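Q: Have a look at this one.
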């Protein structure tokens with residue numbers, strides 16, 4: 001089950017929000033070790049296609 005509850009903290013305000021993100025948005029919001037590893041394997045400053053490779057790798061990591 002995808003995460004749907006997020007705790008958002010801003011200066012002076014903290015609240016729990018319920019949202020449903022499409023899979024590609026969830027992929028770019030991730031910061032866990034699997035996502036960090038996928039990013040380090042696919043990122044290339046010289047090649048914009050790294051973004052697509054990252055999304056493909058994250059989709060298969062779930």
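In my numbering, the protein residues as written are 1 to 62. Backbone N, C-alpha and C fix where the C-beta goes; we use that ideal spot for every residue, glycine too. In this text, all values refer to a predicted model and were calculated from it rather than measured experimentally.
(1) Let's see if you can read the secondary structure: which residues bound the beta strand (DSSP E) around residue 59?
(2) Cα-Cα, which of 22, 24, 23 and 5 is closest to residue 15?
(3) State the Cα-Cα distance for the pair residue 27 and residue 9, rounded to the nearest angstrom.
(4) For residue 39, which three-state DSSP category applies?
(5) Does DSSP put residue 45 in a helix, in a strand, or in coil?
(6) Please give me, in chain order, every unbroken run of the alpha helix (DSSP H) with length at least 4 that falls completely inside the region 13 to 39.
A: With the structure as the only source:
(1) Boundaries around residue 59 are those of the alpha helix (DSSP H), 50 to 61, since no beta strand (DSSP E) includes it.
(2) For the set 22, 24, 23 and 5, the Cα lying nearest the Cα of residue 15 is the one of 5.
(3) If you draw a straight line from the Cα of residue 27 to the Cα of residue 9, it is about 21 angstroms long.
(4) Helix, per DSSP.
(5) Coil at residue 45, not helix or strand.
(6) Counting whole runs of 4 or more residues, the region 13 to 39 contains the alpha helix (DSSP H) stretches 23 to 29.
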